[in-house]
Amino acid sequence: MSDKIEKNYASLIESFLRLFMAKDYSEITVGEVSDAAGMTRANFYGYFTGKDELLWKSFRYVFLESRETVEELDPSTLLSDGKPLTFYLFENVRKNRDFYRRIFGQSIPSEFHSKLQDFLAAESYRTHALLRERYAHKTYPYEFVSHYLSGAVLGLISHLIRRDIDWDSELLAGWFTSLAAPGILSGFGKKSSAPKGESES
1 MSDKIEKNYA
11 SLIESFLRLF
21 MAKDYSEITV
31 GEVSDAAGMT
41 RANFYGYFTG
51 KDELLWKSFR
61 YVFLESRETV
71 EELDPSTLLS
81 DGKPLTFYLF
91 ENVRKNRDFY
101 RRIFGQSIPS
111 EFHSKLQDFL
121 AAESYRTHAL
131 LRERYAHKTY
141 PYEFVSHYLS
151 GAVLGLISHL
161 IRRDIDWDSE
171 LLAGWFTSLA
181 APGILSGFGK
191 KSSAPKGESE
201 S
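So for the sequence shown, full-length UniProt numbering puts the first residue at 1; every next one is plus one.
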């Protein structure tokens with residue numbers, strides 16, 4: 001990406017974020033974003049297919065800082081650089097609380113929330129490479145674990161944001177990991193069998 005393209009891309013996202021913090025998502029138009037960035041609508045569509053893609057790319061822009069600091073999970077400690085994986089997510093949300101308050105409180109398309117859960121599940125799967133190698137449940141693949149964790153963490157974040165609850169990211173992540181770790185570790189070692197009443201694949 002050339003410097004000019006990168007600058008215009010960032011300008012559109014930053015212009016959108018300023019509008020997003022000031023009014024409901026449903027009220028923001030492509031024209032407003034383009035004008036705020038000093039571009040035409042035609043310029044806008046050279047970077048994004050529409051407002052919904054801009055919203056998604058804006059989330060990725062806000063989330064990028066935490067993604068770049070996350071390393072693979074150490075299977076012996078279930079930590080990444082000495083901290084639970086969820087620490088980086090909780091801390092990103094804490095630092096950008098107003099942005100996430102709008103994500104969970106405005107008229108955001110349901111497709112965005114589905115995409116968000118899939119994205120977090122993919123991040124979990126990506127950073128759990130060593131755990132995946134040791135996971136041995138023959139009925140439920142590790143993708144199930146990733147989606148289970150992403151759904152749980154999103155539900156918790158939504159609750160914290162909507163109730164305006166403060167938190168310590170490291171303490172909260174440690175608590176979350178203490179709940180999730182026993183279930184993940186139970187899938188290690190010898191092949192696990194399906195729960196009673198369920199057929200094995």
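C-beta atoms are modelled at their ideal positions from N, C-alpha and C, and glycine is treated no differently.
Cα-Cα separation between residue i and residue j, rounded to whole angstroms
{"i": "residue 14", "j": "residue 154", "result": "24 Å"}
{"i": "residue 16", "j": "residue 162", "result": "23 Å"}
{"i": "residue 8", "j": "residue 31", "result": "15 Å"}
{"i": "residue 135", "j": "residue 187", "result": "5 Å"}
{"i": "residue 25", "j": "residue 105", "result": "10 Å"}
{"i": "residue 103", "j": "residue 148", "result": "21 Å"}
{"i": "residue 18", "j": "residue 124", "result": "30 Å"}
{"i": "residue 36", "j": "residue 29", "result": "11 Å"}
{"i": "residue 66", "j": "residue 92", "result": "Residue placement at residue 66 cannot be trusted, given a pLDDT of 49 that sits under 50; the coordinates are not used to answer."}
{"i": "residue 126", "j": "residue 118", "result": "12 Å"}
{"i": "residue 166", "j": "residue 177", "result": "19 Å"}
{"i": "residue 121", "j": "residue 157", "result": "15 Å"}
{"i": "residue 204", "j": "residue 64", "result": "This structure cannot settle anything about residue 204, because the visible part of the chain is limited to 1 through 201."}
{"i": "residue 179", "j": "residue 171", "result": "13 Å"}
{"i": "residue 181", "j": "residue 128", "result": "12 Å"}
{"i": "residue 164", "j": "residue 112", "result": "22 Å"}
{"i": "residue 50", "j": "residue 22", "result": "20 Å"}
{"i": "residue 175", "j": "residue 152", "result": "13 Å"}
{"i": "residue 10", "j": "residue 27", "result": "21 Å"}
{"i": "residue 116", "j": "residue 101", "result": "15 Å"}
{"i": "residue 2", "j": "residue 42", "result": "19 Å"}
Counted within 10 angstroms of its Cβ, other Cβ atoms place residue i as buried (16 or more) or exposed
{"i": "residue 46", "result": "exposed"}
{"i": "residue 84", "result": "buried"}
{"i": "residue 107", "result": "exposed"}
{"i": "residue 131", "result": "buried"}
{"i": "residue 144", "result": "exposed"}
{"i": "residue 184", "result": "buried"}
{"i": "residue 114", "result": "exposed"}
Cβ pair residue i, residue j closer than 8 Å
{"i": "residue 55", "j": "residue 12", "result": "no"}
{"i": "residue 173", "j": "residue 90", "result": "yes"}
{"i": "residue 146", "j": "residue 94", "result": "no"}
{"i": "residue 52", "j": "residue 141", "result": "no"}
{"i": "residue 87", "j": "residue 62", "result": "no"}
{"i": "residue 44", "j": "residue 58", "result": "no"}
Beta-ladder partner(s) of residue i, from DSSP
{"i": "residue 99", "result": "Paired residue(s): none; residue 99 is not in a bridge."}
{"i": "residue 188", "result": "135"}
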